[in-house]
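Under mature numbering (1 follows the signal peptide of the UniProt record, and there is no 0), read the sequence shown as residues -21 to -1, 1 to 710, first letter to last.
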Amino acid sequence: MKTFTKFLCASVLAFSATAFADVSSAKPIRVGPVQNYGALGTSGSKIISLKNNKQVVLRGVSLFWSDATGSQYYNPEVISWAAKNLGIDVFRFAMGIEHYKADESDPLDENYSYKGNPSSNLALLEQMVEAAIKNDIYIIIDWHSHRANEEQSLAEEFFTKVAQKYADVPNVIFEIFNEPVNQSWSVISNYANTIVPKIRQFTQNLILVGTPSWSQLSSYGGVSGTNIAYVLHFYAGTHSVSTYGTRASAAMNSGNAVFISEWGTTSADGKGTANESATNEWLTFMDQNNISNCNWSLRQYRSTVDNSEEGSAIFDGSENLTTQEALNNASYTASGTIVKNYLQKHIRPWADSLVAGKSGSCHFKSKTVSETAGSVDLTAGCSYTSSNTEAVSVSGSTASIVGAGFAILTGNDGSESVIVVEEEPKQTSEITDFTCRYGGNCSQGHEMRNYTGSSDFETLLAKKSTTVEGGKMSFQSLSPDLFSVKMGICNNKNYCYGATYGVSLPMLQFTGSYGEGKIVVSAPAVTGYRALNDTITVIFAKGQQRLHSKFKNRTLTLGELSEANALPDTTLNGGTATSYTYNDKESTPYLTKLATQIQAGTSNAIVRITASAPETENWEAFQKSITVIIGDSALASAENKEEYYATPIIASAKIAPFRTEIQHGSLLLQIPQSGWVNWAIYTSAGKVLSKQKQNLSAGTHLISLQNIPTGSYILRVRQGSKQASFHWNKH
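Structural data, given as structure tokens:
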């Protein structure tokens, strides 16, 4: 229904957790509607539980478009917060496909669209399905398009894939067409009758079908198959209950189930302020008619990407709210206040509902405790068994809290009660797996330097000795043959500055032996956060040799003498003698090495020069090739082109799946496939200092950061679903 401003193509993506879990291992850690109802379907005009045939009414939120303006909220932390604090039963994954508009006039950036980047969208969807499972709520997988009938083959492929993948996940609801615009009902129903069977090959879960004219329910019915509901969308400032509510009533009276998968308090473009009186009429109508619904939308009022303003947004301001703390301190728009009050009003005691009717003298009202609660006293004189000893174990009438989750406790009288153990966030540190090499270069923002004045083989583990949440960290080296861990005073003014100078900081000191080792980083629990106990992998490897930057591809005129260091005698850092071959031969008539210069010959030619340096005690072997053109730059003019092409090209080293680090003041990117890469540099205060997006080929790229001033920064890099974030101290 809404119109959108196309976001800035140069914008940086939001960076969230990079580990996309397999939903097959995901488990609910709270009790919500899914434990009570299971998978959903329809019976006449009602949406029902396929588990117990009870009528179901869900209330929740729709996420904004899955583009740069809304993707920040596609975050498990946000979903967990909304489930706990707003009491949502369902959320909608509004996946952008190719275009914002039906007339194809406003395409999505291909980095965000499903058509342009299917793998990233599928990975994000998996993350969100896992969040739904974890919070025991429903997720609507929404083909968020106004022209799905023009994308039918893509939709067939997508819904076949996700229906098969999530066939046994009761949390999933499928919405196959967001908002048709000018399509007739026959076009829409023909599309639906193609997509529905693709889903029904694998699952009977509820399917939502959009209706004509922005899903305003002007036509409906006739889609083949079971468990089908028809979609109504309304915006209270534009659509009245008397007109559009009447359509919903007529549809239900004729035996069709209705689901309001998108509604707003504002006008239909999502702008302006909330129409409270009209919204209240709609809220009453939905409740009286038991219609499930999702409010548009869970995001902030003003986007920092394109400066667009959404009056229909729940949160006020322009800050992306993606942490529990930020969300707890959020301000609400007028619309958000209405939505929050509506959702919280309908929060239901799901844990008690789950064991309704299983009463007895040992029964107790459901209890919710934290992971660090220790133990809970139960009804005296009763004994219990636990359905989930990974969350709660029981000895007699005492329950011991083991971990996040819930357990049904069955008393010796046959009664059932529930204990829910709320997950407490784990503390976080700045320390992640990293590699250091002889010569001082390290990954993830580390450097090997003499920080204390006692050893050249030290690296700072962190800029402070506490976790982000304030827990005092301790360290243990599990590989003392490779490195030790110590607290040292950072007093070398060349490398210690600002808040780090003169401060005792955690450091790692290498012994000089090469290999892979482990460090255990631990911290006791602090208020609101459980204890930290992480194992970090650290690699100490030989240095990587390199040649002078003048060893590079070049063109020389006939008889020209190059600059010095075009063919260096030794490597720069290892000082290792370097040898050369020319089109895989020891010499060539087309050029001569004079000291470190290249003397071009008198014939048009092309020569691949390969430099080699052997492995030494502390340096890896080096090999690199360049191409030198002599005379006419047109390859056809080279009299030795057959020789050039016959020269074997040195096999490239296998590229790591995704790697980022700082080398010599530049950002080293090692990427497995060609495509768009986004990177941003943030100050310690969280402000964006620089951000870029570039289409890069697969392989290794070195991006100069020389213009960045001295200071402490966070670098964030993303290509598709692969992300990295690390600290960098620039000296």
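Yeah, the Cβ is synthetic: ideal placement off N, Cα and C, and Gly gets one too. The structure presented is a predicted model; accordingly, all values stated were derived computationally and were not measured.
Residue burial classification, residue i (beta-carbon count within 10 angstroms, cutoff 16)
i    : result
G494 : exposed
V121 : Here the sequence assigns Asp to residue 121, which means Val is not the residue at that position. By the 10 Å Cβ count, D121 comes out buried.
D356 : exposed
V447 : exposed
L537 : exposed
S631 : Bear in mind that a pLDDT of 39 at S631, under 50, signals an unreliable position, so the model cannot answer this.
L573 : exposed
Q423 : buried
E154 : buried
T506 : exposed
S433 : exposed
A600 : exposed
A230 : buried
D115 : buried
G23  : exposed
W707 : buried
T689 : exposed
Span of the beta strand (DSSP E) around residue i
i    : result
P485 : 483 to 489
V500 : 494 to 502
A229 : No beta strand (DSSP E) contains A229, which is instead part of the alpha helix (DSSP H) from 225 to 232.
D121 : 117 to 123
F519 : 511 to 520
I585 : 584 to 592
W275 : 272 to 277
W44  : Where W44 is concerned, there is no enclosing beta strand (DSSP E), given that its DSSP letter is neither H nor E.
K25  : 25 to 28
Option in the options with minimal Cα separation from residue i
i    : options                : result
I152 : V166, V188, E136       : V188
S566 : G554, N420, T589, E109 : T589
L333 : S394, N299, G290, E109 : S394
T252 : I317, L487, V499       : I317
N367 : S340, G384, A545, N429 : G384
S645 : K672, L675, L684, E241 : L684
L484 : C475, S362, N96        : C475
W44  : E83, L19, D88, R9      : D88
E437 : G654, N64, E426        : E426
T606 : Y569, N597, T595       : Y569
K564 : D611, Y623, E542       : Y623
I468 : S616, E542, L440       : L440
V210 : T217, Y223, G216       : Y223
Y214 : S528, G234, W193       : W193
K709 : I693, G699, Q698, K701 : I693
Start and end residues, alpha helix (DSSP H) containing residue i
i    : result
M107 : 97 to 114
S168 : 164 to 179
Y321 : 313 to 324
N15  : 12 to 16
D331 : 329 to 333
W193 : 191 to 194
E621 : 620 to 625
D266 : 255 to 267
W60  : 55 to 60
Supposed close pair residue i, residue j - CB separation, criterion 8 Å
i    : j    : result
E135 : E77  : 15 Å between Cβ atoms; not a contact.
S291 : R281 : Not quite, the Cβ-Cβ distance comes to about 13 Å (not below 8 Å), so this is no contact.
F519 : L461 : 6 Å
T557 : T595 : With 8 Å as the limit, T557 and T595 do not qualify as a contact, their Cβ atoms being about 12 Å apart.
L101 : R71  : Contact doesn't hold; Cβ gap of about 17 Å is too wide.
K346 : I380 : Wrong, their Cβ atoms sit about 10 Å apart, outside the cutoff.
Sequence-distant residues of the same chain with beta carbon closer than 6 Å to residue i, five excluded per side
i    : result
A146 : F181, T182
V696 : T639, W658, A703
A61  : I67
G449 : V505
Sequence-distant residues of its chain with Cβ nearer than 7 Å to residue i (five each side left out)
i    : result
E539 : A579
N552 : G418, G522, Q524, R525
R179 : G204
Y559 : L546, K572, I588, T589, A590
I186 : F153, I155, V175, I178, N206, I207
Y91  : S45, D46, A47, S50, G75
G17  : S28, L29, K30, P149
Y53  : L42, S45, L103, M107
A635 : Unreliable positioning characterises A635 in this predicted model, as indicated by a pLDDT of 47, which lies under 50. The coordinate reading is nonetheless provided below. The answer, listed in chain order, is Q649.
G201 : S168
Any chain C beta carbon closer than 8 Å to residue i
i    : result
V210 : Among the chains in the structure shown there is no chain C, since it carries only a single protein chain.
Heavy atom of the ligand PLP within 7 Å of residue i beta-carbon
i    : result
P328 : Judged by which ligands are present, the structure shown has none, so any question about the ligand PLP falls away.
Own chain residues within Cβ distance below 8 Å of residue i, not counting five before or after
i    : result
S408 : A441, T446, V447, M452, V500, A502, L511, D513
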